[in-house]
Each structure stands twice: as structure tokens, then as C-alpha cells.
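If you count the sequence shown from 1, position 67 lands on 770 in the numbering used here, and the numbers rise without skipping. Below is one structure; the comments refer to it alone.
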Amino acid sequence: MTALLVGIGLIVVAVLMVIPGILGWWSDVLAFLRGALPVIALMIGALAVFIGIADIKDKIEEKKEEEREKEEEKNKSKNSENEEKATEKKGD
Numbered sequence: 704m705t706a707l708l709v710g711i712g713l714i715v716v717a718v719l720m721v722i723p724g725i726l727g728w729w730s731d732v733l734a735f736l737r738g739a740l741p742v743i744a745l746m747i748g749a750l751a752v753f754i755g756i757a758d759i760k761d762k763i764e765e766k767k768e769e770e771r772e773k774e775e776e777k778n779k780s781k782n783s784e785n786e787e788k789a790t791e792k793k794g795d
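What follows is the structure in C-alpha cells.
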């Protein structure tokens, strides 16, 4: 609860600092945002690239897993057919 109150208090203080007339820091805030915007854009772009690469890797892994499951199903069906033939031969 204390952290919530501190957070709300800091937000209120930050808003009051940028209101023209109280401290008049709005121009400084804008200058900071103008300077930080390219860096923020670079970080967001890099994050998007990393997420895209991870998504591609996940799709490739998913396809491999599906192929393995299909192979296992084929092997199971072949094994069951072989077992049926073996039991038929024993019965004869």
C-alpha cells in the first residue's frame, strides 16, 4: 500500500513540475524527450527484431515436433500391424 501511495505521489509531483508557471520545466522535458526518442525507437526496434526471430524459431521447432509426432504415429501403426500378423501366424 505504501508503494502505491509513493507512486501516486511521485506522479503528481512530476505533473506539477512540467506545468508552466510552477517550475517551468516543460521546455526541459521536451528537450529530453526529443533527445531520447531516437534511443527509445532503437530499443523498441531491436526488441521487435528479437521477438520476430524467437517467433520464427518457435514455428520451426513446432513444425519439427509435428513431423516427429507423425513419424511416431506411422511407427505405432506399423508395429500394431506387425503384431497382428505375428498373432495370426501363431494362431495358425
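Note that CB positions come from ideal geometry on N, CA and C, so glycine has one too.
1. Could you tell me the alpha carbon to alpha carbon distance between Ile754 and Arg737, rounded to whole angstroms?
2. Helix, strand or coil, according to DSSP, for Trp729 in the structure here?
3. Can you give me the Cβ contacts of Leu726 inside the same chain, cut-off strictly under 8 Å, excluding the 5 residues immediately before and after it?
4. Output the boundary residues of the alpha helix (DSSP H) element that contains Ile714.
5. My output table needs one value for Gly687: the three-state DSSP class, helix, strand or coil.
With the structure as the only source:
1. Distance between the alpha carbons of Ile754 and Arg737 is about 26 Å.
2. Of the three classes helix, strand and coil, the one that applies to Trp729 here is helix, per DSSP.
3. For Leu726, same chain residues with a beta-carbon under 8 Å away, outside a window of 5 residues either side, are Leu719 and Met720 in chain order.
4. It spans Thr705 to Val721 - the alpha helix (DSSP H) in which Ile714 sits, taken as one unbroken run.
5. Shown here, the chain extends from 704 to 795; a query on residue 687 therefore has no answer.
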